[in-house]
Amino acid sequence: MNGPTRRHATIAPLSFAQERLWFVNAAAPESPIYNVPLFFRWRGEVDPGALHRALLAVVEKHEVLRTTYQDRDGERVQVVGEARVAVEVVSHAPDVEARRGFDLATEPPVRCAVWKGQPDGDAVLLTIHHIAVDGWSLPALFDDLGTAYDAEVAGRRPELGELPVQYADFAVWDRAGLDDQLLARRAAELAEVPTGLKLGGARPVPAGFHSGEQHRFTVPAATWEAVGELARRLRATPFVVLLAAWSEVVGRWSARDEFLIGAVTANRTHPAVEDLVGFFVNTVPLRCTTRPPTFAQRCAELRREAFGSMTYQRIPFDQLVARTPGRGLAEVGFALQNMPAPDTARWTAPDVLPTGTAKYDVLLIVEETADGVMGTLELDTELYPAELGPRLAGDFAALLGHAVAEPEAPLAEFALPNGPLERPRPLPVSTVEIDRGDLTEPERRAAELFRAVLAETGVEIAEPARNANFFTLGGHSLLAVGMLARARREHGAVVRPSEFLAEPTVARLGALLRAGTEKSEPAAADDGPRPATSTQQRFWFLDRIPELRAAYLVPTVVHFPSDSGVEELRDAVDTVLARHPSLRSRFHLDHKQKRVVRTTSGPPARATVTDARGWDEGKLSDHVAELCWTPFDLANEAPVRAELVLVATGVRLVLCAHHMVVDGASVRVLLEQVAAVVQRRELPEPVDPAPVGERGDASELIAALEGAPTDVRLPHDRPRVSVQSILGATCTTTFAEAPALRAVAKESGCSTFLATVAVLAVALARRSDQRDFLFAFPWSGREHPDAVGMFVNTLVLRADLRGDPTWREVLDRVRRSASVAYRAADVPFDEVVSALHPQRDLSRPALTPVYVAAEDEWRPPLGGELLPLDPLAVKYELELTVTETPAGLRLTAAYQTDLFDDTTIKSLLADVTDVTTALMTNPDGPACEEKLR
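Heads up, the sequence shown is in the numbering used here, so the first residue is -9 and it goes up one at a time.
Have a look at this one:
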């Protein structure tokens, strides 16, 4: 596909590589696991002021260095901000500074510390979070820093030039390029390889971020030269030769002849990003075997594997992990770092200080430096003893030297100097006998769960004692999460993984099972009836009108290409639906108070499974439509339903909730959390929507909207009826010149969304004599990214085209109207309707029949695909949604089919495109100079 293009966006999705690091930081903001502490000595004295200004110039050029990472309405986004960087003169030890974590949501991912007056010269520590930099970024970064510093000390303004693309542009391109079929194929291939790689028998550890140690060693120059010669002779690369040696060491220490090693790759697969600062690194699992007898044959086999893996190098590692839940795809890693060295005119080559953490169980790094070829063996010291590092490093160096000297000799004849004298034996089968009479009934259930789950891994136990530790018996954290899902499925008990992992014994699980069962009983109490929000009140009354009940349902249909693990998926859906108080809501009209109230003490909804693999398409469509559009009994049943429908090509998850308890972002939260449960990730604490707060002041908004017509002359093909129909369809077009539109809009202080609103108004005006429009649009009051509820209020925006304004004047009017609407975001929509449209009827929506919205592209997790809804219910006569995509602006018009033909809507969208071109061509010209039709 084409490469990344410059979008000039200040908000963008995270790249797949960034998303993995964001999750780690969100879970443990204080962890330095992904710090990159670059320590170097200045050649002479450093001027901290000049260094600060130089760094500001570098940060200004490279947007990724002034980017924060936030969760907005359930979407993880990167937000490009102003250039800022802290430069401090300090006296504390460098390792203290190196291990200080970043808050990626609020602070830039780079900081600088300076030590003055040191015996060996001034020293600098530039610490950057890995989310913004990788090894290949360093030459460009340090070149720019040197240029900028030279300019600052000379009294000149640094001139660093402008980049053709920024990292955010790559992130958009990266996400758009995910090949789901290729991902599925690679996941299936890797599923054939046994995982759970342990070197010499690892000890069980609790979940969390692990401590680590590094052991550095030198690869002799003669050995390195022989590596290059052998690689050339075998038509391979040094990477293949080194990996072949490392895989032999891993094979001997693990007693395995087939396993996966995670190769750390640069992943700069397009010329546009070759010199870009940012985090591009990906882990590519490579299939290794120790069956070929000679080292040359090993290299040949790995050369084929490495060459084949080039096809898969853009597949995000986390996506592979998601497709193979419960499997560790890269416990052991390998990296060859042979990027160009940064310029060292003003300073020594930077050293990366250790952070005391480990990213892999075991990681071998071989690096070409100015001082020769160095090896680093990084070890998880909560999993392995620290002394294992030097032993593995010594074995690797010895075997590499032997192998490149005698590549045709049988490897079995070479004994590792530090490795096991014999292949480690498998873990012995544990057998623990107890007196069953000693256990309480919940503890007996817990003991049975221990026994059943451990048996799946080959560890057989008659019955564990009350104080038996799950990890000591051979379990691990992912297995524990699966056991807790089983506890919910078999015993209806909700147990949080963190509660069990803190004390992983039979007695503790028994207590949690007892408490979890009590928590999940249907009669769980809440704090009593509470007032519904103004939006919920409005939706409740609309639900009384039979013709409109389905309009306020929010159905989502996601197709997964495989029906394997459907029970696990159902358990995950049940877990998520039970967690959120809003999804247990029941709504009643309190006649005494004359208002709608809600309680959350009702039982949660549970997912069902239907096998439709033998159904014809008509029966399947009717069944899915019934799931999507059947109204809820809001007083007596949970306002959400879920069903997994097995079809010939996989499984479809049909999730439908009432708009009273979810908005669009909530649906994404639910699906992401379902994926988290399937992938054995811990969920955040559930958040109950806050009680109703004070209403905003409507006076400014009412004054700004007064006098505008409360209807829009739309190009109806058929007249309205007494009660509006909600049956709808969609039509879509893409406007490719989005950057040009964005630039014109920006000159007037408008977003692309507001510019599209103006364009829609002009397109409608050119079809009629109307020059003043009111459009409804959504505004989210969501305060917590993981909350599930209805947080959206409907705002009203005026597009005033009276007086033959120029395009710039129209944009300015729309921008000012939006500002008024935003200031009144807490004003209930019904209050605006009561003031401006008190005589409304049911033939059309209140105040305006047109709804406009903007949204970002989103893909369901777990490789799912969103399916279009057929039939479709729409609330407004015309609903225009603007979506930013790599191909441009996607304009989706949802419309009521009882009023419009599809040809009319296509014609209207063509008008919108033509009018947008007119705006970009002559923004100072009149907006409504002629009619289009």
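The beta carbon of each residue, even a glycine, is placed where N, CA and C say it ideally should be.
- Within the same chain, and ignoring the five residues on either side of Gln309 in sequence, the residues whose Cβ sits closer than 6 angstroms to its Cβ are Leu173.
- Separation of the CB atoms of Val239 and Leu382 is rounded to 6 angstroms, and the pair is thereby assigned contact status at 8 angstroms.
- DSSP links His549 through a beta bridge to Arg642, Glu855.
- Inter-residue distance for Val100 and Arg813 is about 35 angstroms (C-alpha atoms, whole angstroms).
- Note that the C-beta distance between Leu785 and Trp797 is not below 8 angstroms.
- Note on geometry: alpha-carbon atoms of Pro521 and Gln663 lie some 28 angstroms from one another.
- The beta-bridge partner set that DSSP reports for Thr359 consists of Gly362.
- Just so you know, the alpha carbons of Thr906 and Gln303 end up roughly 39 angstroms apart.
- Ranked by how close their Cα comes to the Cα of Glu9, the residues Thr893, Gly151, Tyr59, Arg242 have Tyr59 in first place.
- With fewer than three CB-CB distances shorter than 8 angstroms, the stretch 850 to 859 does not count as touching the stretch 826 to 833.
- In the DSSP assignment, Leu610 falls within the unbroken alpha helix (DSSP H) covering 607 to 619.
- For Ala339, there is no enclosing beta strand (DSSP E), as DSSP marks it with neither H nor E.
- Each residue's CA atom was taken as its position, placing Arg671 and Ala475 some 12 angstroms apart.
- Under DSSP, the beta-bridge partners assigned to Glu203 are Leu369.
- In the structure shown, the three-state DSSP call for Asp892 is helix.
- Distance between Ala844 and Thr724, taken at the CA atoms: about 14 angstroms.
- Inclusion of Val822 and Ala688 in the CB contact set at 8 angstroms is warranted, their separation being smaller than that value.
- Around the beta-carbon of Ala693, fewer than 16 other beta-carbon atoms lie within 10 Å, marking it exposed.
- The three-state reading of DSSP puts Pro275 in strand, counting E and B together.
- Following the DSSP letters along the chain, one finds Val734 inside the alpha helix (DSSP H) bounded by residues 728 to 737.
- Rounded to whole angstroms, the Cβ separation of Arg539 and Pro621 is 4 angstroms, and the two are in contact under 8 angstroms.
- DSSP, read as helix, strand or coil, puts Trp848 in coil.
- The residue from Thr525, Asp561, Leu444, Arg596 with its alpha-carbon nearest to that of Val587 is Thr525.
- For Arg880, the CB contacts under 7 angstroms within the same chain, skipping 5 residues up- and downstream, are Thr722, Thr724, Thr873 in chain order.
- Taking 8 angstroms as the cut-off, the Cβ atoms of Leu754 and Phe763 count as close.
- For Val668, the enclosing alpha helix (DSSP H) begins and ends at 654 to 668.
- Sorting Glu215, Phe249, Thr137 by C-alpha distance to the C-alpha of Glu179 places Phe249 at the top.
- For Phe767, the enclosing beta strand (DSSP E) starts and ends at 762 to 770.
- For the options Pro839, Thr366, Leu232, Asn257, the alpha carbon positioned closest to that of Pro380 is the one of Thr366.
- Positions of the alpha helix (DSSP H) runs, each at least 4 residues long and wholly inside the stretch 221 to 308, are given as 228 to 244, 285 to 299 in order along the chain.
- For Gln327, the enclosing beta strand (DSSP E) starts and ends at 322 to 327.
- Rounded to the nearest whole angstrom, the CA to CA distance from Val668 to Gln583 is 44 angstroms.
- Val352 is the residue among Gly915, Val352, Val69 whose C-alpha sits nearest the C-alpha of Pro375.
- Here Leu401 really is in contact with Phe285; their C-beta atoms are around 6 angstroms apart, less than 8 angstroms.
- Beta-bridge partners of Tyr542 (DSSP): none assigned.
- Here the C-alpha atom of Val443 lies approximately 6 angstroms from the C-alpha atom of Met473.
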